[in-house]
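Here's the structure, in C-alpha coordinates; my notes come after.
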Amino acid sequence: MKVFKDTDAKPAAVKGKPVAIIGYGSQGRAHALNLHDSGCEVIIGLRDGSPTAAKARADGLTVMSVAEATKAAGLIALLTPDMSHEKIFASEIAPNLSAGDALLVAHGFTVLYERIKPGSDIDVILVAPKGPGDLVRREYERGAGVPALFAVHQDASGEARDKALAYASLIGGTTAGAIETSFKEETETDLFGEQAVLCGGATELVLAGFETLTDAGYAPEIAYYECLHELKLIVDLLYEGGLAKMHEFISETAIYGDLVSGPRVVNDETRARMKDVLTDIQNGTFAKNWIAENEAGKPEYDRMLSEDLAHLIETTGKELRGMMPWLQQKKDKAA
4 MKVFKDTDAK PAAVKGKPVA IIGYGSQGRA HALNLHDSGC EVIIGLRDGS PTAAKARADG
64 LTVMSVAEAT KAAGLIALLT PDMSHEKIFA SEIAPNLSAG DALLVAHGFT VLYERIKPGS
124 DIDVILVAPK GPGDLVRREY ERGAGVPALF AVHQDASGEA RDKALAYASL IGGTTAGAIE
184 TSFKEETETD LFGEQAVLCG GATELVLAGF ETLTDAGYAP EIAYYECLHE LKLIVDLLYE
244 GGLAKMHEFI SETAIYGDLV SGPRVVNDET RARMKDVLTD IQNGTFAKNW IAENEAGKPE
304 YDRMLSEDLA HLIETTGKEL RGMMPWLQQK KDKAA
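Residues in the sequence shown are numbered consecutively from 4, following the working numbering.
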(Lines of atoms letter the chains of each structure in order from A; the text may use other names.)
(Lines give C-alpha, C1' and ligand atoms only; values in the text may rest on other atoms or scores of the structure.)
Protein backbone atom coordinates (compact mmCIF):
# COMPACT_ATOMS: atom_id res chain seq x y z
CA MET A 4 0.00 0.00 0.00
CA LYS A 5 1.41 3.38 -1.02
CA VAL A 6 1.96 5.96 1.70
CA PHE A 7 1.59 9.49 0.30
CA LYS A 8 4.00 12.16 1.55
CA ASP A 9 4.30 15.94 1.16
CA THR A 10 6.00 15.62 -2.23
CA ASP A 11 2.96 13.77 -3.63
CA ALA A 12 0.55 16.61 -2.85
CA LYS A 13 -0.34 19.68 -4.89
CA PRO A 14 -1.38 22.35 -2.36
CA ALA A 15 -2.46 24.70 -5.16
CA ALA A 16 -5.45 22.40 -5.75
CA VAL A 17 -6.95 23.82 -2.52
CA LYS A 18 -5.21 27.16 -2.07
CA GLY A 19 -6.79 28.78 -5.12
CA LYS A 20 -10.06 29.61 -3.31
CA PRO A 21 -11.12 30.08 0.32
CA VAL A 22 -11.77 26.98 2.41
CA ALA A 23 -14.90 26.91 4.57
CA ILE A 24 -14.75 24.92 7.79
CA ILE A 25 -18.27 24.16 8.99
CA GLY A 26 -18.14 23.62 12.73
CA TYR A 27 -15.44 24.67 15.19
CA GLY A 28 -15.12 21.69 17.51
CA SER A 29 -11.99 19.65 18.13
CA GLN A 30 -11.35 18.64 14.51
CA GLY A 31 -12.78 21.83 13.01
CA ARG A 32 -10.48 24.10 14.99
CA ALA A 33 -7.41 21.96 14.28
CA HIS A 34 -8.10 21.78 10.55
CA ALA A 35 -8.85 25.50 10.35
CA LEU A 36 -5.71 26.64 12.17
CA ASN A 37 -3.46 24.21 10.30
CA LEU A 38 -4.91 25.30 6.96
CA HIS A 39 -4.51 28.97 7.93
CA ASP A 40 -0.89 28.44 8.95
CA SER A 41 -0.30 26.59 5.66
CA GLY A 42 -1.30 29.71 3.75
CA CYS A 43 -4.98 29.05 3.02
CA GLU A 44 -7.74 31.61 3.31
CA VAL A 45 -10.03 30.06 5.89
CA ILE A 46 -13.63 30.94 6.71
CA ILE A 47 -15.48 29.42 9.65
CA GLY A 48 -19.15 28.68 8.98
CA LEU A 49 -21.32 28.60 12.12
CA ARG A 50 -24.99 28.85 12.97
CA ASP A 51 -26.28 32.07 14.52
CA GLY A 52 -25.50 32.19 18.22
CA SER A 53 -22.87 29.47 18.08
CA PRO A 54 -20.86 29.45 21.33
CA THR A 55 -17.65 28.74 19.39
CA ALA A 56 -17.84 31.90 17.23
CA ALA A 57 -15.99 33.99 19.80
CA LYS A 58 -13.26 31.36 20.04
CA ALA A 59 -12.80 31.29 16.26
CA ARG A 60 -12.56 35.08 16.11
CA ALA A 61 -10.10 35.08 19.01
CA ASP A 62 -8.00 32.66 16.95
CA GLY A 63 -7.89 35.30 14.21
CA LEU A 64 -10.30 33.61 11.80
CA THR A 65 -13.20 35.03 9.83
CA VAL A 66 -16.64 33.81 10.93
CA MET A 67 -19.73 33.78 8.70
CA SER A 68 -23.03 31.95 8.57
CA VAL A 69 -22.85 28.48 7.04
CA ALA A 70 -24.63 29.73 3.92
CA GLU A 71 -22.27 32.70 3.48
CA ALA A 72 -19.18 30.59 4.09
CA THR A 73 -20.36 28.03 1.52
CA LYS A 74 -20.95 30.72 -1.11
CA ALA A 75 -17.50 32.21 -0.55
CA ALA A 76 -15.50 28.99 -0.59
CA GLY A 77 -14.29 26.52 -3.18
CA LEU A 78 -13.93 23.68 -0.68
CA ILE A 79 -16.41 23.17 2.15
CA ALA A 80 -15.32 20.90 5.01
CA LEU A 81 -18.38 19.68 6.92
CA LEU A 82 -16.92 18.87 10.35
CA THR A 83 -19.99 18.91 12.58
CA PRO A 84 -21.34 15.68 14.21
CA ASP A 85 -22.64 13.10 11.72
CA MET A 86 -26.29 13.36 12.71
CA SER A 87 -26.31 17.11 12.08
CA HIS A 88 -25.08 16.80 8.49
CA GLU A 89 -28.41 16.15 6.79
CA LYS A 90 -30.14 19.28 8.08
CA ILE A 91 -27.13 21.58 7.65
CA PHE A 92 -26.44 20.31 4.15
CA ALA A 93 -30.04 20.57 2.95
CA SER A 94 -30.77 24.01 4.39
CA GLU A 95 -27.46 25.86 4.31
CA ILE A 96 -24.90 24.15 2.10
CA ALA A 97 -26.62 22.56 -0.91
CA PRO A 98 -28.42 25.75 -2.07
CA ASN A 99 -25.13 27.69 -1.99
CA LEU A 100 -22.76 25.29 -3.76
CA SER A 101 -21.40 26.09 -7.19
CA ALA A 102 -20.35 23.65 -9.92
CA GLY A 103 -16.80 22.47 -9.29
CA ASP A 104 -16.91 23.06 -5.55
CA ALA A 105 -15.70 20.30 -3.25
CA LEU A 106 -17.54 18.97 -0.21
CA LEU A 107 -15.22 17.32 2.31
CA VAL A 108 -16.08 15.17 5.32
CA ALA A 109 -13.87 13.55 7.95
CA HIS A 110 -16.03 10.43 8.22
CA GLY A 111 -18.00 8.88 5.37
CA PHE A 112 -21.19 7.89 7.24
CA THR A 113 -23.65 10.43 5.88
CA VAL A 114 -22.35 10.21 2.32
CA LEU A 115 -22.13 6.42 2.19
CA TYR A 116 -25.64 6.00 3.60
CA GLU A 117 -26.96 8.81 1.37
CA ARG A 118 -28.15 11.12 4.11
CA ILE A 119 -26.58 13.88 2.06
CA LYS A 120 -26.53 13.75 -1.74
CA PRO A 121 -24.40 16.47 -3.39
CA GLY A 122 -25.22 17.21 -7.01
CA SER A 123 -23.31 15.51 -9.81
CA ASP A 124 -21.29 18.70 -10.43
CA ILE A 125 -19.74 18.68 -6.92
CA ASP A 126 -16.56 16.89 -5.84
CA VAL A 127 -17.13 14.75 -2.73
CA ILE A 128 -14.01 13.85 -0.79
CA LEU A 129 -12.86 12.60 2.61
CA VAL A 130 -9.85 13.38 4.78
CA ALA A 131 -9.71 11.64 8.16
CA PRO A 132 -6.75 12.28 10.47
CA LYS A 133 -6.11 9.27 12.68
CA GLY A 134 -6.03 11.23 15.91
CA PRO A 135 -8.06 13.75 17.94
CA GLY A 136 -8.07 17.41 16.99
CA ASP A 137 -5.72 18.57 19.73
CA LEU A 138 -3.12 16.05 18.55
CA VAL A 139 -3.59 17.10 14.91
CA ARG A 140 -2.90 20.69 15.91
CA ARG A 141 -0.06 19.95 18.32
CA GLU A 142 1.84 17.72 15.88
CA TYR A 143 1.44 20.27 13.08
CA GLU A 144 2.83 23.04 15.32
CA ARG A 145 5.97 21.04 15.99
CA GLY A 146 6.52 20.41 12.28
CA ALA A 147 5.30 16.85 12.29
CA GLY A 148 1.80 15.56 11.61
CA VAL A 149 -0.80 12.89 12.29
CA PRO A 150 -1.32 10.16 9.67
CA ALA A 151 -4.50 10.55 7.65
CA LEU A 152 -6.81 8.64 5.33
CA PHE A 153 -8.18 10.23 2.16
CA ALA A 154 -10.79 9.14 -0.37
CA VAL A 155 -12.87 10.28 -3.32
CA HIS A 156 -16.58 9.53 -3.57
CA GLN A 157 -17.39 11.75 -6.55
CA ASP A 158 -15.00 13.41 -8.99
CA ALA A 159 -16.93 16.09 -10.85
CA SER A 160 -14.02 18.41 -11.62
CA GLY A 161 -11.42 15.81 -12.52
CA GLU A 162 -9.33 17.19 -9.64
CA ALA A 163 -11.11 15.68 -6.63
CA ARG A 164 -8.22 13.38 -5.72
CA ASP A 165 -5.74 16.26 -5.95
CA LYS A 166 -7.97 18.31 -3.65
CA ALA A 167 -8.24 15.55 -1.07
CA LEU A 168 -4.50 14.91 -1.02
CA ALA A 169 -3.76 18.64 -0.93
CA TYR A 170 -6.09 19.15 2.02
CA ALA A 171 -4.47 16.22 3.83
CA SER A 172 -1.06 17.79 3.26
CA LEU A 173 -2.14 21.25 4.41
CA ILE A 174 -3.29 19.92 7.80
CA GLY A 175 -0.12 17.85 8.27
CA GLY A 176 -1.38 14.45 7.15
CA THR A 177 1.18 13.84 4.42
CA THR A 178 4.05 14.95 6.67
CA ALA A 179 3.28 11.85 8.72
CA GLY A 180 1.91 9.83 5.80
CA ALA A 181 -1.50 9.56 4.15
CA ILE A 182 -3.17 6.39 2.89
CA GLU A 183 -5.81 6.26 0.17
CA THR A 184 -9.02 4.42 0.96
CA SER A 185 -12.69 4.54 -0.07
CA PHE A 186 -15.76 5.97 1.67
CA LYS A 187 -17.05 2.43 2.13
CA GLU A 188 -13.84 1.08 3.65
CA GLU A 189 -13.29 4.08 5.94
CA THR A 190 -16.87 4.12 7.21
CA GLU A 191 -17.34 0.40 7.72
CA THR A 192 -13.97 -0.20 9.40
CA ASP A 193 -14.40 2.88 11.61
CA LEU A 194 -17.84 1.76 12.78
CA PHE A 195 -16.65 -1.80 13.34
CA GLY A 196 -13.61 -0.71 15.33
CA GLU A 197 -15.74 1.50 17.58
CA GLN A 198 -18.38 -1.13 18.18
CA ALA A 199 -16.45 -4.39 18.42
CA VAL A 200 -13.15 -3.27 19.91
CA LEU A 201 -12.47 0.32 20.91
CA CYS A 202 -15.71 1.34 22.62
CA GLY A 203 -18.30 -1.44 22.75
CA GLY A 204 -15.87 -4.33 22.99
CA ALA A 205 -13.47 -2.70 25.44
CA THR A 206 -16.10 -1.33 27.80
CA GLU A 207 -18.09 -4.57 27.89
CA LEU A 208 -14.89 -6.53 28.57
CA VAL A 209 -14.04 -4.16 31.44
CA LEU A 210 -17.54 -4.35 32.90
CA ALA A 211 -17.67 -8.15 32.57
CA GLY A 212 -14.33 -8.51 34.33
CA PHE A 213 -15.35 -6.09 37.08
CA GLU A 214 -18.66 -7.91 37.63
CA THR A 215 -16.97 -11.33 37.65
CA LEU A 216 -14.70 -10.23 40.49
CA THR A 217 -17.34 -8.38 42.52
CA ASP A 218 -19.85 -11.23 42.09
CA ALA A 219 -17.18 -13.54 43.50
CA GLY A 220 -16.94 -11.35 46.60
CA TYR A 221 -13.89 -9.24 45.81
CA ALA A 222 -13.95 -5.55 46.75
CA PRO A 223 -15.12 -3.23 43.97
CA GLU A 224 -12.12 -0.98 44.56
CA ILE A 225 -9.71 -3.86 43.90
CA ALA A 226 -11.75 -4.97 40.89
CA TYR A 227 -11.65 -1.41 39.51
CA TYR A 228 -7.86 -1.27 39.75
CA GLU A 229 -7.40 -4.65 38.08
CA CYS A 230 -10.00 -4.36 35.31
CA LEU A 231 -10.09 -0.66 34.41
CA HIS A 232 -7.32 1.41 35.99
CA GLU A 233 -4.43 -0.74 34.75
CA LEU A 234 -5.89 -0.97 31.25
CA LYS A 235 -4.19 2.33 30.37
CA LEU A 236 -0.77 0.80 30.98
CA ILE A 237 -1.48 -1.99 28.52
CA VAL A 238 -3.12 0.25 25.92
CA ASP A 239 -0.18 2.67 26.02
CA LEU A 240 2.28 -0.18 25.48
CA LEU A 241 0.24 -1.56 22.58
CA TYR A 242 -0.10 1.94 21.07
CA GLU A 243 3.63 2.60 21.31
CA GLY A 244 5.01 -0.74 20.14
CA GLY A 245 2.35 -3.35 19.49
CA LEU A 246 2.31 -6.81 21.07
CA ALA A 247 6.11 -6.90 21.20
CA LYS A 248 6.41 -3.87 23.48
CA MET A 249 3.58 -5.04 25.71
CA HIS A 250 5.29 -8.41 26.18
CA GLU A 251 8.59 -6.66 26.87
CA PHE A 252 7.21 -4.63 29.76
CA ILE A 253 4.88 -7.06 31.51
CA SER A 254 5.86 -10.04 33.65
CA GLU A 255 6.30 -13.56 32.32
CA THR A 256 3.38 -14.58 34.51
CA ALA A 257 1.22 -11.97 32.76
CA ILE A 258 2.45 -13.11 29.34
CA TYR A 259 1.64 -16.73 30.13
CA GLY A 260 -1.82 -15.74 31.37
CA ASP A 261 -2.31 -13.70 28.19
CA LEU A 262 -1.40 -16.62 25.96
CA VAL A 263 -3.44 -19.32 27.69
CA SER A 264 -6.48 -17.35 28.90
CA GLY A 265 -7.00 -14.67 26.25
CA PRO A 266 -8.33 -17.22 23.72
CA ARG A 267 -10.74 -18.57 26.38
CA VAL A 268 -12.38 -15.14 26.67
CA VAL A 269 -12.18 -14.01 23.05
CA ASN A 270 -12.95 -17.26 21.24
CA ASP A 271 -14.71 -18.50 18.12
CA GLU A 272 -18.08 -17.47 19.53
CA THR A 273 -16.77 -13.94 20.12
CA ARG A 274 -15.46 -13.80 16.57
CA ALA A 275 -18.83 -14.96 15.26
CA ARG A 276 -20.52 -12.11 17.15
CA MET A 277 -17.96 -9.70 15.68
CA LYS A 278 -18.86 -10.94 12.21
CA ASP A 279 -22.52 -10.29 13.04
CA VAL A 280 -21.63 -6.72 14.01
CA LEU A 281 -19.71 -6.26 10.76
CA THR A 282 -22.59 -7.70 8.72
CA ASP A 283 -25.03 -5.21 10.29
CA ILE A 284 -22.66 -2.41 9.33
CA GLN A 285 -22.09 -3.69 5.80
CA ASN A 286 -25.77 -4.25 4.97
CA GLY A 287 -26.86 -0.91 6.44
CA THR A 288 -28.79 -2.25 9.43
CA PHE A 289 -26.73 -0.31 11.97
CA ALA A 290 -27.03 2.95 10.03
CA LYS A 291 -30.78 2.46 9.57
CA ASN A 292 -31.28 1.82 13.29
CA TRP A 293 -29.07 4.72 14.40
CA ILE A 294 -30.76 7.18 12.06
CA ALA A 295 -34.21 6.01 13.22
CA GLU A 296 -33.14 6.33 16.86
CA ASN A 297 -32.05 9.92 16.26
CA GLU A 298 -35.26 10.78 14.45
CA ALA A 299 -37.24 9.39 17.40
CA GLY A 300 -35.39 11.64 19.86
CA LYS A 301 -32.91 8.98 21.06
CA PRO A 302 -35.04 7.38 23.84
CA GLU A 303 -33.27 4.00 23.76
CA TYR A 304 -29.88 5.68 23.45
CA ASP A 305 -30.60 7.77 26.55
CA ARG A 306 -31.87 4.74 28.49
CA MET A 307 -28.82 2.60 27.72
CA LEU A 308 -26.41 5.46 28.41
CA SER A 309 -28.06 6.15 31.78
CA GLU A 310 -27.69 2.48 32.73
CA ASP A 311 -24.02 2.54 31.81
CA LEU A 312 -23.31 5.64 33.87
CA ALA A 313 -25.19 4.26 36.90
CA HIS A 314 -22.97 1.14 37.07
CA LEU A 315 -21.05 0.43 40.28
CA ILE A 316 -17.77 0.76 38.38
CA GLU A 317 -18.58 4.44 37.80
CA THR A 318 -19.21 5.33 41.44
CA THR A 319 -16.20 3.28 42.51
CA GLY A 320 -13.99 4.88 39.89
CA LYS A 321 -15.03 8.43 40.77
CA GLU A 322 -13.98 7.85 44.37
CA LEU A 323 -10.66 6.24 43.46
CA ARG A 324 -9.78 8.83 40.81
CA GLY A 325 -10.07 11.43 43.57
CA MET A 326 -6.98 9.79 45.07
CA MET A 327 -4.97 10.39 41.87
CA PRO A 328 -3.68 13.99 41.84
CA TRP A 329 -2.09 13.60 38.40
CA LEU A 330 -5.55 13.26 36.88
CA GLN A 331 -6.67 16.53 38.48
CA GLN A 332 -3.52 18.23 37.20
CA LYS A 333 -4.38 17.02 33.71
CA LYS A 334 -7.90 18.49 34.03
CA ASP A 335 -6.53 21.82 35.24
CA LYS A 336 -4.06 21.95 32.34
CA ALA A 337 -6.84 21.21 29.81
CA ALA A 338 -9.01 23.98 31.27
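We put the CB at the ideal spot given by N, CA and C, even for glycine.
Do residue i and residue j have their C-beta atoms within less than 8 Å of each other?
| i | j | result |
| --- | --- | --- |
| T178 | G148 | yes |
| A171 | A159 | no |
| E189 | L129 | yes |
| L168 | A299 | no |
| D277 | A199 | First, the residue type needs correcting, since residue 277 is Met and not Asp in the sequence shown. Yes, they are a contact pair. |
| H88 | R50 | no |
| K187 | L115 | yes |
| I46 | P21 | yes |
| L241 | M249 | yes |
| L82 | H34 | yes |
| T113 | D85 | yes |
| E142 | F7 | no |
| A102 | P132 | no |
| A163 | A97 | no |
| V209 | L236 | no |
| R324 | L315 | no |
| R145 | N37 | no |
| L246 | E229 | no |
| T73 | E44 | no |
| I125 | I25 | no |
| A154 | Q30 | no |
| Y304 | E296 | yes |
| L173 | P302 | no |
So if DSSP puts residue i in a beta bridge, which residue, or which two residues, is it bridged to?
| i | result |
| --- | --- |
| Q30 | DSSP lists no partner for Q30. |
| V268 | Paired residues: none, contrary to the question. |
| L36 | Per DSSP, none; premise fails for L36. |
| A2 | The requested residue 2 is not part of the displayed model; the chain covers only 4 to 338. |
| P132 | A151 |
| V22 | V45, L78 |
| V209 | DSSP lists no partner for V209. |
| V6 | I182 |
Mapping the DSSP letters down to three states, classify residue i as helix, strand or coil.
| i | result |
| --- | --- |
| H156 | strand |
| D62 | coil |
| D126 | strand |
| G48 | strand |
| A147 | coil |
| K235 | helix |
| C202 | coil |
| T192 | helix |
| I321 | It is worth fixing the name first, because residue 321 is Lys in this sequence and not Ile. Correct three-state label for K321: helix. |
| T217 | helix |
| A222 | coil |
| A313 | coil |
| I119 | coil |
| P54 | coil |
| P14 | coil |
| G244 | helix |
| L138 | helix |
| L100 | coil |
Rounded to the nearest angstrom, how far is the Cβ of residue i from that of residue j, given a contact under 8 Å?
| i | j | result |
| --- | --- | --- |
| L194 | I284 | 5 Å |
| A16 | D165 | 4 Å |
| N99 | A80 | Contact flag wrong, Cβ pair sits at about 15 Å. |
| Y259 | G320 | Actually they are not in contact, since the Cβ atoms of Y259 and G320 sit about 29 Å apart, beyond 8 Å. |
| V66 | A59 | 5 Å |
| V127 | P135 | With a Cβ gap of about 24 Å, V127 and P135 do not count as contacting. |
| L78 | L107 | 6 Å |
| T10 | Y27 | The pair is not a contact, with the Cβ atoms about 31 Å apart (cut-off 8 Å). |
Within the segment 64 to 93, ranges of the beta strand (DSSP E) (whole runs, at least 3 residues): 65 to 67, 78 to 81
Beta strand (DSSP E) runs contained entirely in the segment 163 to 188, provided each spans 3 or more residues: 181 to 183
Every unbroken beta strand (DSSP E) within the segment 249 to 308, with a cutoff of 3 residues, ordered by chain: none
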